[in-house]
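In the numbering used here, the protein residues as written are 205 to 489.
Next up, the structure:
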């Protein structure tokens, strides 16, 4: 009896990041990296404000059309690579200054994005679905920045980024790019593979030093370290802010019961204290 052949298994396409191998860097540009990027910070901030507004409009459009409207897809697929190029330069992975243009086919950092059809239900709940990826991205990014001064000194002294550190940093960059691509709906693929790809995952062979991104044991260890440091930094910041909030409330004679509201989250506790102080001021007047 004739049987139909099995349907081909579809592979989920993830946004890709192509970068060159780690190489020598000019120590002067490493020394002044943050200052050199000040103009780019201004540009990225302006572009991000526009990107936020377009994302909001695009979210409504995607609910109706099942895909981003053309203008939104065009802008966001240009903005995300721009942001990643600036971040890659800031994080010392490349030595060539990012140009003030969207289209830069000759720049060492290239991002591959393919906007397409979207699941309307996933679009509707996108802000909730992205929370786990946002936590991972935030922790590993915060961990890298917590020790960034040490990393900057290493690159400044050596004149290049050590291979394990380069691999870990590019993994952070790629995950950040995939997180943003999913958040702004230019990708339906959930962010994944922070710890790199499996050997042979590119059927057509290696396309760049980061595609496929095969991490060494040392690079994976650094990523775990960054996650732990990011978690510790986040917890320390929350506790410190909570203690400061408690001290402020005590100085103003607030009720100690207010502190139970959110002992590790400074925002709600501060707002409760503020509301009581405003109420007290009103009665006094």
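Cβ atoms here follow ideal geometry from the backbone N, Cα and C, with glycine treated the same way.
Can you give me the start and stop residues for the alpha helix (DSSP H) that residue 229 sits inside? No residue range can be given for residue 229, since it is assigned to no alpha helix (DSSP H) and is classified by DSSP as neither H nor E.
Shortest alpha-carbon distance to residue 295 belongs to which of 268, 428 and 346? Nearest C-alpha to residue 295: 346.
Given that a residue counts as buried once 16 or more other Cβ atoms are within 10 Å of its Cβ, and exposed if not, what is residue 307? Classification for residue 307: exposed.
Quick one: using the 10 Å Cβ neighbour count with 16 as the cut-off for buried, is residue 298 buried or exposed? Here residue 298 is buried: its Cβ has 16 or more other Cβ atoms, across all protein chains shown, within 10 Å.
Euclidean distance between Cα positions of residue 433 and residue 342: It is roughly 11 Å from the alpha-carbon of residue 433 to the alpha-carbon of residue 342.
Keeping to the same chain, check which residues put their C-beta closer than 7 Å to that of residue 283; ignore five residues upstream and five downstream. So the qualifying residues of the chain are 251 and 255.
Express the C-alpha separation of residue 309 and residue 271 in angstroms, rounding to a whole number. Each residue's alpha carbon lies about 26 Å from the other.
So, at 8 Å on beta carbons, what are the nonlocal neighbours of residue 218 in its own chain, with the 5 sequence-adjacent residues on each side left out? Excluding positions up to five away in sequence, the list reads 382, 391, 393, 396 and 397.
Would residue 314 pass as a contact of residue 222 if the rule is Cβ separation under 8 Å? Their beta carbons are under 8 Å apart, which means residue 314 touches residue 222 by this criterion.
In this structure, does DSSP put residue 415 in helix, strand or coil? In this structure, DSSP gives residue 415 an extended state, which the three-state scheme calls strand.
Touch test, the segment 410-424 against the segment 356-370, Cβ-Cβ under 8 Å, three pairs minimum: The segment 410-424 vs the segment 356-370: in contact.
Out of 372, 338 and 429, which one is the CA nearest neighbour of residue 419? The candidate whose alpha carbon is nearest that of residue 419 is 372.
Kindly indicate the opening and closing residues of the alpha helix (DSSP H) around residue 290. Element bounds for residue 290: 274-294.
Determine, using beta carbons only, whether residue 322 comes closer than 8 Å to chain D. Protein chains in the displayed structure number just one, and chain D is not present.
Mapping DSSP to helix, strand and coil, what is residue 221? Correct three-state label for residue 221: strand.
Whole beta strand (DSSP E) elements within the segment 301-342, 3-residue minimum: Taking only runs of at least 3 residues, the beta strand (DSSP E) segments lying wholly in the segment 301-342 are 314-316.
Contact the segment 356-363 vs the segment 323-334: 3+ CB pairs below 8 Å: These segments do not touch.
Identity of the residue in 216, 225 and 220 nearest residue 364 by Cα: Measuring C-alpha to C-alpha distances from residue 364 to each of 216, 225 and 220 identifies 225 as the nearest.
Hey, would you say residue 302 sits closer than 8 Å to residue 289, going by beta carbons? A distance below 8 Å separates the beta carbons of residue 302 and residue 289.
With DSSP run on the structure shown, which of helix, strand or coil describes residue 380? Looking at residue 380 - three-state DSSP - the assignment turns out to be helix.
Rounded C-alpha distance that separates residue 440 from residue 431: The straight-line gap separating the alpha-carbon atoms of residue 440 and residue 431 is approximately 14 Å.
Just to confirm, are residue 220 and residue 415 a CB contact at a threshold of 8 Å? In contact: residue 220 and residue 415 (Cβ atoms closer than 8 Å).
Look at residue 491 and residue 258 and say whether their C-beta atoms are less than 8 Å apart. Nothing in the structure corresponds to residue 491, since the chain is present only between 205 and 489.
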